[in-house]
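Reading through the structure tokens given below for one structure.
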Amino acid sequence: MAHALHNMHMDLCAGSPGVCDRMDPMDGRLLLQYIHRVNFNGSAGTPVMFNENGDAPGRYDIFQYQMTNTSAPSYRVIGQWTEYLRLNIEEMQWYGGQSDIPSSVCSLPCQPGERKKMVKGVPCCWHCELCDGYQFQLDDFNCQACPYDMRPNLNRTACRPTPIVKLEWHSAWAILPLFLSILGILSTLFVVGTLIRFNDTPIVRASGRELSYVLLTGIFLMYAITFLMMAEPGVAVCALRRLFLGLGMCISYAALLTKTNRIYRIFEQGKRSVTPPRFISPASQLAITFSLICVQLVGTSVWLAVLPPHSVIDYEEQRTPNPEQARGVLKCDMSDLSLVSCLMYSILLMVTCTVYAVKARGVPENFNEAKPIGFTMYTTCIVWLAFVPIFFGTAQSAEKIYIQTTTLTVSMSLSASVSLGMLYVPKVYIILFHPEQNVQKRKRSFKAVATAATMSTRLSQKNTAGQNGESKPPEKSLPESKG
Numbered sequence: 001m002a003h004a005l006h007n008m009h010m011d012l013c014a015g016s017p018g019v020c021d022r023m024d025p026m027d028g029r030l031l032l033q034y035i036h037r038v039n040f041n042g043s044a045g046t047p048v049m050f051n052e053n054g055d056a057p058g059r060y061d062i063f064q065y066q067m068t069n070t071s072a073p074s075y076r077v078i079g080q081w082t083e084y085l086r087l088n089i090e091e092m093q094w095y096g097g098q099s100d101i102p103s104s105v106c107s108l109p110c111q112p113g114e115r116k117k118m119v120k121g122v123p124c125c126w127h128c129e130l131c132d133g134y135q136f137q138l139d140d141f142n143c144q145a146c147p148y149d150m151r152p153n154l155n156r157t158a159c160r161p162t163p164i165v166k167l168e169w170h171s172a173w174a175i176l177p178l179f180l181s182i183l184g185i186l187s188t189l190f191v192v193g194t195l196i197r198f199n200d201t202p203i204v205r206a207s208g209r210e211l212s213y214v215l216l217t218g219i220f221l222m223y224a225i226t227f228l229m230m231a232e233p234g235v236a237v238c239a240l241r242r243l244f245l246g247l248g249m250c251i252s253y254a255a256l257l258t259k260t261n262r263i264y265r266i267f268e269q270g271k272r273s274v275t276p277p278r279f280i281s282p283a284s285q286l287a288i289t290f291s292l293i294c295v296q297l298v299g300t301s302v303w304l305a306v307l308p309p310h311s312v313i314d315y316e317e318q319r320t321p322n323p324e325q326a327r328g329v330l331k332c333d334m335s336d337l338s339l340v341s342c343l344m345y346s347i348l349l350m351v352t353c354t355v356y357a358v359k360a361r362g363v364p365e366n367f368n369e370a371k372p373i374g375f376t377m378y379t380t381c382i383v384w385l386a387f388v389p390i391f392f393g394t395a396q397s398a399e400k401i402y403i404q405t406t407t408l409t410v411s412m413s414l415s416a417s418v419s420l421g422m423l424y425v426p427k428v429y430i431i432l433f434h435p436e437q438n439v440q441k442r443k444r445s446f447k448a449v450a451t452a453a454t455m456s457t458r459l460s461q462k463n464t465a466g467q468n469g470e471s472k473p474p475e476k477s478l479p480e481s482k483g
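This is how it looks when you write it as structure tokens:
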């Protein structure tokens with residue numbers, strides 16, 4: 001009250017002694033206003049004041065029950081509260097003797113890449129769930145999948161582009177195919193050079209020079225396709241892959257099929273008459289071979305026209321469960337089925353050639369190349385039978401592009417090597433190291449061939465009869481034809 005009267009006197013009486021006219025009589029309402037505005041420290045050192053409602057503010061001492069090593073446990077003042085809280089943190093004790101303030105919340109904040117899953121019925125409590133798979137943290141409560149060509153970053157707070165891969169020249173998967181291809185190309189060029197150099201020698205002429213060069217061209221393309229399969233996919237590379245993938249095999253097996261068919265027809269005709277069959281001249285053989293090749297070329301041309309080639313980035317092929325291992329694969333727009341379809345015609349020629357090689361296996365080897373061609377086709381069939389399960393068995397593998405490309409190119413090179421090794425290496429060996437064997441042999445007329453075919457048939461029948469327990473009188477030997 002005294003502080004209020006003093007303040008009122010100072011304001012109304014301007015410091016003059018005694019009660020001035022403005023304070024006489026006293027205005028109780030005005031005095032109450034001055035009482036509300038007093039602010040001083042009392043005898044206890046605490047402030048004396050009133051709030052807007054005329055009430056003195058609450059004052060509280062805050063105690064904490066503390067344990068000490070020197071005295072009994074007791075309460076100790078650690079702070080006060082008047083209009084605000086004042087705590088002496090250094091004087092406080094926590095459970096376990098720790099000095100840091102313990103957390104007093106229902107749920108801790110979630111880490112980056114985690115969303116809050118609220119606890120039903122408890123507004124301030126949640127569980128933290130990691131955004132899994134290819135999801136990233138959209139906000140505090142939601143995860144969202146990245147676009148198909150992207151993957152989440154390490155802390156799953158955003159998306160980043162998926163790396164693009166392709167089969168590289170220096171890849172471990174490319175070493176074996178490239179080695180076989182380069183070795184095969186050099187060997188093929190050496191064989192071609194040798195045959196051209198000794199083009200007019202008997203062994204080269206006897207092998208059918210025209211079809212030999214066609215066959216060697218196909219072998220060369222089978223080796224060369226490896227470089228197209230390893231090259232970076234683009235419109236031009238994809239178009240050349242479609243064109244040459246099956247062309248090399250088609251040329252090779254069209255030439256071999258024409259050869260085996262000619263041998264088979266000659267000796268089948270020789271069993272019935274001495275008149276030679278039609279279309280056995282070199283020109284006819286080339287015409288038949290190129291007719292077979294044209295089927296492949298027409299089919300490939302239609303494919304290129306209907307479905308123009310282009311490259312694509314396949315993000316599904318190597319979309320692994322772990323996004324860090326995900327890759328986009330740059331490749332030509334060719335499915336496994338279309339790739340195999342490109343080879344189907346060549347495989348059909350190969351199977352047909354094998355059938356003719358089996359039929360002609362009993363022909364005397366002095367007259368033809370049926371047996372070497374037969375061994376070539378048997379081995380080639382084994383190579384491609386091994387190719388099928390490996391190629392299609394890895395369709396779901398993350399390394400699919402590498403395994404399938406390597407398997408395909410190695411199979412092509414092995415097939416070419418079988419043909420080159422069994423059909424031409426013996427000829428080159430004789431030409432270079434045994435020229436004394438490279439001499440003209442007595443030319444046989446078709447009548448001699450027919451006689452040999454008849455003898456072969458009779459011997460076969462005789463052997464069959466002997467196996468069945470039948471006894472036949474000895475046949476008169478046929479005279480050798482000098483035609």
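In full-length UniProt numbering, the protein residues as written are 1 to 483.
All C-beta atoms in this analysis are idealised placements derived from N, C-alpha and C, irrespective of residue type, glycine included.
- In this structure, the straight-line span from the alpha carbon of S181 to that of T226 is close to 6 Å.
- Under the three-state reduction of DSSP, I280 is assigned to coil, being neither helix nor strand.
- Listed in chain order, the non-local C-beta contacts of L31 below 7 Å within the same chain comprise A4, M8, local neighbours out to five positions each way being set aside.
- In the structure shown, C143 falls within a strand segment according to DSSP collapsed to helix, strand and coil.
- The straight-line gap separating the alpha-carbon atoms of R327 and R319 is approximately 7 Å.
- Contact between P57 and Q66 fails: their C-beta atoms lie close to 28 Å from each other, not under 8 Å.
- If the five residues before and after Q33 are omitted, its C-beta is found closer than 8 Å to no C-beta atom of its own chain.
- Under the three-state reduction of DSSP output, Q437 falls in the helix class.
- Nearest to V329 by alpha-carbon distance, out of I89, I313, L339, P233, is I313.
- A distance below 8 Å between beta-carbons, with the five flanking residues on each side excluded, links I219 to the following residues of its chain, in chain order: G184, T188, G248, S252, A416, S419, L420.
- In this structure A174 is in contact with M230, their Cβ atoms being roughly 5 Å apart against a cut-off of 8 Å.
- Taken through DSSP and simplified to helix, strand or coil, Y264 comes out as helix.
- Taking C-alpha positions only, A239 is separated from F190 by approximately 29 Å.
- Take P233, set aside five residues on each side of it, and the residues of its chain with a beta-carbon closer than 6 Å to its own are S311, L330, K331, C332, in chain order.
- In this structure, the beta-carbon distance from S397 to I390 does not fall below 8 Å.
- For S417, the uninterrupted alpha helix (DSSP H) run begins and ends at 400-423, by DSSP.
- Taking one beta carbon from each stretch, the stretch 293-308 and the stretch 339-354 have 3 or more pairs nearer than 8 Å; the two touch.
- The stretch 292-344 contains no complete alpha helix (DSSP H) run of 4 or more residues.
- By the C-beta criterion, the stretch 205-212 is judged to be in contact with the stretch 255-266, since at least 3 inter-stretch pairs fall below 8 Å.
- DSSP, reduced to helix, strand and coil, places V355 within a helical segment of the structure shown.
- Along the stretch 104-143, the beta strand (DSSP E) occurs as fully enclosed runs of 3 or more residues at 114-118, 126-130, 135-137, listed in sequence order.
- In this structure, the alpha-carbon of L167 lies about 29 Å from that of A145.
- For the set M26, F50, D27, A2, the Cα lying nearest the Cα of R37 is the one of F50.
- Between E129 and K117, the C-beta spacing is below 8 Å.
- In this structure V425 is exposed. Its beta-carbon is surrounded by fewer than 16 other beta-carbon atoms within 10 angstroms.
- In this chain, R241 is not harboured by any beta strand (DSSP E); it is covered by the alpha helix (DSSP H) spanning 235-245.
- The C-beta of C20 has fewer than 16 other C-beta atoms within 10 Å across all chains shown, which makes the residue exposed.
- Boundaries cannot be given for M92, as no alpha helix (DSSP H) includes it and DSSP labels it neither H nor E.
- For D61, the beta-bridge partners assigned by DSSP are Q80.
- Counting along the chain, P161 sits inside the beta strand (DSSP E) bounded by residues 159-161.
- Ranked by how close their Cα comes to the Cα of P372, the residues R76, I382, R361 have R361 in first place.
- In this structure, Q98 lies away from Q64, with their beta-carbon atoms at least 8 Å apart.
- Between the alpha carbons of G299 and L292 lies a gap of roughly 12 Å.
- S346 sits buried, since 16 or more C-beta atoms from the chains shown fall within 10 Å of its C-beta.
- Of the candidates R242, L337, R115, E52, the residue whose Cα lies closest to the Cα of D139 is R115.
- Looking from the CA of R205, the closest CA among K427, F433, E436 belongs to K427.
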